[in-house]
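Only one structure is covered here, and it is reproduced in the block below.
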Amino acid sequence: MEMIRFRSKTPLGLRAFGRLFAGFCALTMVFAAPPAGAQIWRNSGTTSGYYVDDRPNGIFLRCAGPSLTVNFTGYDAELPTGASYRVGISVDGIARLFRTRSYEVRGRSILVHQDTLANLRPLIEDLRLGKVAEVTTPAGRYNVPLTGSGAALGALLERCG
33 MEMIRFRSKT PLGLRAFGRL FAGFCALTMV FAAPPAGAQI WRNSGTTSGY YVDDRPNGIF
93 LRCAGPSLTV NFTGYDAELP TGASYRVGIS VDGIARLFRT RSYEVRGRSI LVHQDTLANL
153 RPLIEDLRLG KVAEVTTPAG RYNVPLTGSG AALGALLERC G
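In our numbering, the protein residues as written are 33 to 193.
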């Protein structure tokens with residue numbers, strides 16, 4: 033069997049440029065976009081919540097005895113301290129409305145709802161089992177993924193229940 037060799041009509045410089053360009057594109061994809069900050073649900077004793085870059089962001093819950101607070105963070109608006117607002121939470125289509133009060137913590141506005149663990153247990157169960165929570169505040173609307181919330185909120189219930 034006779035082998036036939038084809039000679040490329042592409043000049044050597046163009047082939048080298050193509051390889052160099054492909055390598056440059058690969059490096060650009062690796063280094064141009066750093067990975068997003070860590071986004072995770074976690075528990076720390078009497079506090080459970082969604083954290084971005086080691087800061088509570090979106091929703092976090094804290095217990096003290098029979099009382100529990102649901103805290104809403106992560107928006108850019110500066111709300112007047114001490115003002116009352118309503119916040120809506122919809123978990124997989126089930127919506128609830130909460131009365132909150134605004135506070136400033138570390139230069140950020142947060143909205144806080146306080147109630148008993150017994151009254152907030154249905155919300156906690158929905159957050160544990162749901163896929164996404166949509167939070168509606170006077171500062172806007174945002175989604176909080178619930179992946180990992182089951183373990184974090186389960187630990188909170190064990191500690192506070």
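For every residue, glycine included, the Cβ atom is placed at its ideal position computed from N, Cα and C.
Identify the continuous alpha helix (DSSP H) that holds residue i and give its terminal residues.
{"i": "D158", "result": "149-161"}
Taking the CB atoms as reference points, tell me whether residue i and residue j lie closer together than 9 Å.
{"i": "S122", "j": "R128", "result": "yes"}
{"i": "R153", "j": "L189", "result": "yes"}
{"i": "R173", "j": "G77", "result": "no"}
What span of residues does the beta strand (DSSP E) with residue i cover, start to end?
{"i": "G186", "result": "Note, G186: premise wrong, no beta strand (DSSP E); alpha helix (DSSP H) at 181-192."}
{"i": "T79", "result": "79-84"}
Pull up the CB-CB distance for residue i and residue j, whole angstroms please, since I reckon it's below 8 Å.
{"i": "G120", "j": "T168", "result": "4 Å"}
{"i": "V164", "j": "F130", "result": "About 18 Å; that fails the 8 Å criterion."}
{"i": "S99", "j": "T148", "result": "7 Å"}
{"i": "T113", "j": "R94", "result": "With a Cβ gap of about 19 Å, T113 and R94 do not count as contacting."}
{"i": "R160", "j": "L185", "result": "5 Å"}
Q: Identify every run of the alpha helix (DSSP H) within the region 89-173, keeping only runs that are complete inside it and at least 4 residues long; order them along the chain.
A: At a cut-off of 4 residues, the continuous stretches assigned as alpha helix (DSSP H) that sit fully inside the region 89-173 are 149-161.
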